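Trainee:
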Amino acid sequence: MSDAHTPKWLSAYAIGYLVFLYAPVLLLPIFAFNDSAIINFPLKGFTTQWFEGLWTTEALHSAVRNSLFVALTTCTISTVLGVCAARASTRYHFPAKRGIMGLIMVPLVLPEIIVAVSLLVVLIQLGLDLSLWSVILGHVLICVPFSIAVLASAFKNFDRSLEEASLDLGVGRVATFFRITLPLVAPGIISSLLITFTISLDEFIIAFFLTGTDATLPVYIWSQLRFTARLPGVMALGTILLTISLLLLILAEWFRRWSARRSGADLESGTGGLY
Amino acid sequence: MVTVRATLPGRALRFPWLRGEHFTGLVLISPTFLYAIALLAVPLLAVVLFSFWTQDYLRIDRTFTFVNYKEAWSEPIYQLLMLRSLAIAAVTTVVTILLAYPIAYFVSFHVHRRKSLWIFLITIPFWTSYLLRVFLWKVILGYNGVLNSTLEWLGVIKQPLTFILYNANAVVITLAHAWAPFAILPIYVALERIDRSLLEAAKDLGDGPFRRFWRVTLPLSMGGVVAAFLIVFIPTIGDYVTPRLVGGTDGLMIANMIQAQFGKANNKPLGAALAISAMLIVTSIALLIFWLNRRFTPGQR
């Protein structure tokens, strides 16, 4: 709009809103370094003891290993499924396309507890034991729509004449896909891997319902929240997780922009990358 | 609903139109589609089936019965939890959207160069652990919490405020924070799509800023507002963590009861009936809103 001036109240509101958004996140490192067993103001002093304590907590280490296993498997499977679906939906027309894509995207608008309950019911009926694999099944389901959202923009934006040139030159369809298409959407794939990894790493409800004896990291954190004495350690852990997910997201955003620039998309119009 | 048959390659031989484009598309989509069938459609049907059975301690009785639905819809406790979940989710959604609209408007109309940086800034806090974010609201809103000690230190209050933790207010505040970007983004996208020349025209025709907003900007962004409503409303009804951590007993919601039926109360078919009931209610409300929007908002196709 041509309005050059921004009303003062609106700028003030924008800043106030950012404070509201960041308030809980900023408290995390504050209490992680606070030398008091109680999560409370006023602050006592600076300490790194809560971080040191994490090194010797065996239950935490196994939760981290479980979560890494779940998140790595989930991001791989959901990105492969995402590539198939994104490619199919952007390049081909096929019968019942809307219905099929609709079903695949449904987990985006389904309360997670419904996904968790329905998978639990099936596993119980089949008499299968709950394990990290049951968590992975659920996580893939909720991650695929995000993967498709990221990949669809990568597939949509790239120049199809490159593929056609390759086909005209006598390279087979499969070889063309692996030698032309895939390298061109590689940044999109990397950003899909990073985003689905992050979602799986943080997902609680499905893991809570479907994990057997092996706790994932959020399930471990949930169990710790009940004990007041454990809270400073949880804050330290949260600070580490915050740093890691920030790095992953900046990386994902960077890849997305790189991918968009490669395919010549307009950056400002594309908020569709992450969402 | 789509039939599985349509994806079978055999049809391509019998129906020539399935060859080429169509066939390749279907083959390509089939792994993802079959996954969704096997792990989403089938389990959802299984829950529906399961909700018509009964459980006797550990044994599942597979006689078809409506007893769970009768209990879910007539017992005062379930009615209360369901209504409260609806009320909390509705209030949360309205609060979230009211808070989100001005910020989406600000970024769309008043940020000129660094728009994507602003959007990135808005979304960053939401990629940190959901559990910890909710828990930190407990730290902020608590009796000796950050908010109370700051207000006392500033001399604004003498006694700590108690109406902000372990009740429905706390749930609303926490959820309004947790779902903020899901409201901001659709509204922002809708605002970005508005043809700026329409606003110029309104201005030239003598409309002031307020009338311009009311008659042009707001109606044209309603699509985004409705999308935001659905995106926030649907999942908040089923939230488990927030009511459990900051809700106290007066803030518990239906998801907590569903979990209890699958856990301690050990009546899984009843839990399934509650889950299906909640899903039906949410879906009908969503469809109603979708329909109302189509019917009454101008410029919707």
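Chains as they are written, first to last, in the numbering used here: chain C, -19 to 255; chain U, -8 to 292. Glycine included, every Cβ here is placed at the ideal spot set by N, Cα and C. Model, not experiment: these values are computed from the prediction.
1) Excluding five sequence neighbours on each side, which residues of the same chain lie with their C-beta closer than 8 Å to the C-beta of Thr56 (chain C)?
2) Taking three-plus beta-carbon pairs below 8 Å as touching, is the segment 153 to 162 of chain C in contact with the segment 25 to 37 of chain C?
3) Is the beta carbon of Ile245 (chain U) closer than 8 Å to that of Leu265 (chain U)?
4) Contact criterion: CB-CB distance below 8 Å. Does Leu166 (chain U) meet it with respect to chain C?
5) Can you give me the Cβ contacts of Gly214 (chain U) inside the same chain, cut-off strictly under 6 Å, excluding the 5 residues immediately before and after it?
6) Report yes if the C-beta distance between Ile131 (chain U) and Ala3 (chain C) is below 8 Å; otherwise report no.
7) Just mark His(-15) (chain C) as buried or exposed, buried being the case when its beta carbon has 16 or more other beta carbons within 10 Å.
8) Would you verify that the beta carbon of His73 (chain C) is, or is not, closer than 8 Å to some beta carbon of chain U?
9) Ordered along the chain, which non-local residues of its own chain (more than five positions away) have a Cβ less than 8 Å from that of Ala193 (chain U)?
10) Any beta-carbon of chain C closer than 8 Å to the one on Ala32 (chain U)?
11) How far does the alpha helix (DSSP H) with Arg75 (chain U) in it extend, from its first residue to its last?
12) So, do the segment 111 to 124 of chain C and the segment 55 to 63 of chain U have three or more beta carbon pairs nearer to each other than 8 Å?
13) Report all residues from its chain with a CB closer than 8 Å to the CB of Ile88 (chain U); omit the five preceding and five following residues, and keep chain order.
14) With distances taken between CB atoms, is the gap from Ala277 (chain U) to Met73 (chain U) smaller than 8 Å?
15) May I ask you to list the residues that DSSP assigns as paired with Arg50 (chain U)?
16) What are the residues in the segment 156 to 184 of chain C lying within 7 Å of chain U by C-beta distance?
17) Judging by CA-CA distance, which residue of U:Asp186, U:Gly133, U:Glu191 is the nearest neighbour of Ile164 (chain U)?
18) Check distances from the C-beta atoms of the segment 115 to 128 of chain U to those of chain C and list, in chain order, the residues that come in under 8 Å.
19) DSSP puts Asn14 (chain C) in a beta bridge; with which residues?
20) Quick check on the DSSP output: the alpha helix (DSSP H) that includes Glu183 (chain C) runs from which residue to which?
21) Quick one: residues in its chain with C-beta nearer than 6 Å to the C-beta of Tyr157 (chain U), no 5 flanking neighbours on either side, listed in chain order?
22) Which residues bound the alpha helix (DSSP H) around Tyr157 (chain U)?
23) Within 8 Å of any Cβ in chain C, is that where the Cβ of Leu17 (chain U) sits?
24) Kindly indicate the opening and closing residues of the alpha helix (DSSP H) around Asn46 (chain C).
25) Using 10 angstroms around the beta-carbon of Ile(-5) (chain C), count the other beta-carbons present and answer buried if the total reaches 16, otherwise exposed.
26) Does any CB atom of chain C fall closer than 8 Å to the CB of Tyr134 (chain U)?
27) For the segment 133 to 148 of chain C and the segment 75 to 93 of chain C, state whether three or more C-beta atom pairs, one from each stretch, are separated by less than 8 Å.
28) Give me the chain U residues within the contact set of Met108 (chain C), using Cβ-Cβ distance strictly less than 9 Å, ordered along the chain.
29) Residue ranges of each alpha helix (DSSP H) run of no fewer than 4 residues wholly in the segment 140 to 218 of chain C, ordered along the chain?
30) Classify Lys149 (chain U) as helix, strand or coil using the three-state DSSP reduction.
31) How is Lys255 (chain U) classed by DSSP in three states: helix, strand or coil?
32) Go through its chain and collect everything with a Cβ distance to Pro198 (chain C)'s Cβ below 7 Å, but skip five positions before and after it.
33) Going by beta-carbon coordinates alone, are Leu19 (chain U) and Arg67 (chain C) separated by less than 8 Å?
34) Is it a yes or a no for the segment 31 to 49 of chain C touching the segment 165 to 172 of chain C, going by three-plus beta-carbon pairs under 8 Å?
35) For the segment 1 to 30 of chain C, which residues have a beta carbon sitting closer than 7 Å to at least one beta carbon of chain U?
36) Under 9 Å Cβ-Cβ, which residues of chain C neighbour Met270 (chain U)?
Mentor: For this structure:
1) Residue numbering aside, residue 56 (chain C) sits at position 76 when the first sequence is read from its first letter. Same-chain partners within the cutoff: Leu173.
2) no
3) Stepping through the second sequence from its first residue, residue 265 (chain U) is reached at position 274. Stepping through the second sequence from its first residue, residue 245 (chain U) is reached at position 254. Contact flag set, yes.
4) Locating residue 166 (chain U) in the second sequence gives position 175, where the first residue counts as 1. Not closer than 8 Å to any Cβ of chain C, the Cβ of Leu166 (chain U) fails to qualify, so no.
5) Numbered from its first residue, the second sequence carries residue 214 (chain U) at position 223. Ala181, listed in sequence order.
6) Start at 1 with the first residue of the second sequence, and residue 131 (chain U) comes out as number 140. Start at 1 with the first residue of the first sequence, and residue 3 (chain C) comes out as number 23. Result yes, Cβ atoms of Ile131 (chain U) and Ala3 (chain C) sit closer than 8 Å.
7) Here residue -15 (chain C) refers to the residue found at position 5 of the first sequence. Label assigned to His(-15) (chain C): exposed.
8) On the first sequence, position 93 is the one that residue 73 (chain C) refers to. So, interface residue.
9) Locating residue 193 (chain U) in the second sequence gives position 202, where the first residue counts as 1. The answer, listed in chain order, is Arg202, Arg203, Arg206, Val207.
10) As a first step, residue 32 (chain U) must be located in the second sequence, where it is residue number 41. Yes, its Cβ sits closer than 8 Å to a Cβ of chain C.
11) Locating residue 75 (chain U) in the second sequence gives position 84, counting from the first residue. Element bounds for Arg75 (chain U): 67 to 96.
12) no
13) As a position in the second sequence, residue 88 (chain U) is number 97, starting the count at 1. Same-chain partners within the cutoff: Ala174, Ile178, Val216, Ala219, Phe220, Val223.
14) For the purposes of this step, residue 277 (chain U) is taken as the residue at position 286 of the second sequence. For the purposes of this step, residue 73 (chain U) is taken as the residue at position 82 of the second sequence. Contact flag unset, no.
15) Residue 50 (chain U) sits at position 59 when you count from the first residue of the second sequence. The partner list for Arg50 (chain U) (beta bridge, DSSP) reads U:Asp47.
16) Thr178, Asp182, Phe184
17) Here residue 164 (chain U) is taken as the residue at index 173 of the second sequence, counted from 1. Cα-wise, what sits closest to Ile164 (chain U) is U:Gly133.
18) Ile115, Pro116, Trp118, Thr119, Ser120, Tyr121, Leu122, Leu123, Arg124, Phe126, Leu127, Trp128
19) Translated into the one-based positions of the first sequence, residue 14 (chain C) becomes position 34. Paired residues: C:Phe26.
20) Sequence index remark: in the first sequence, residue 183 (chain C) carries index 203 (1-based). Per DSSP, Glu183 (chain C) belongs to no alpha helix (DSSP H) and is neither H nor E.
21) Taking the first residue of the second sequence as 1, we reach residue 157 (chain U) at position 166. Excluding sequence neighbours, Tyr157 (chain U) sits near Gly239.
22) For this step, residue 157 (chain U) is matched to residue 166 along the second sequence. Here Tyr157 (chain U) belongs to no alpha helix (DSSP H), and DSSP marks it neither H nor E.
23) What you label residue 17 (chain U) is simply residue 26 of the second sequence in a count that begins at 1. Yes - at least one Cβ of chain C is within 8 Å of the one on Leu17 (chain U).
24) Working through the first sequence from its first residue, we reach residue 46 (chain C) at position 66. Counting along the chain, the alpha helix (DSSP H) containing Asn46 (chain C) begins and ends at 38 to 71.
25) Here the question's residue -5 (chain C) lines up with position 15 in the first sequence. Per the 10 Å Cβ criterion, exposed.
26) Here residue 134 (chain U) corresponds to residue number 143 of the second sequence, with the count starting at 1. So, not an interface residue.
27) no
28) Position 128 of the first sequence, counting from 1, holds the residue named residue 108 (chain C). The residue you asked about is not Met; residue 108 (chain C) is Leu in the sequence shown. The premise fails here: Leu108 (chain C) is roughly 13 Å from chain U at the closest Cβ pair, so nothing lies under 9 Å.
29) 140 to 148, 153 to 156, 162 to 182, 185 to 190, 197 to 204
30) For this step, residue 149 (chain U) is matched to residue 158 along the second sequence. It is coil, neither helix nor strand.
31) Here the question's residue 255 (chain U) lines up with position 264 in the second sequence. Residue state, collapsed to three classes: coil.
32) For the purposes of this step, residue 198 (chain C) is identified with residue 218 of the first sequence, where counting begins at 1. Within the same chain, Pro198 (chain C) has close Cβ partners Asp182, Glu183, Phe184, Ala187.
33) On the second sequence, position 28 is the one that residue 19 (chain U) refers to. On the first sequence, position 87 is the one that residue 67 (chain C) refers to. Cβ distance < 8 Å, so Leu19 (chain U) and Arg67 (chain C) count as in contact.
34) no
35) Leu1, Tyr2, Ala3, Pro4, Val5, Leu7, Leu8, Ile19, Asn20, Phe21
36) Here the question's residue 270 (chain U) lines up with position 279 in the second sequence. What Met270 (chain U) touches in chain C: Leu90, Pro91, Ile94.
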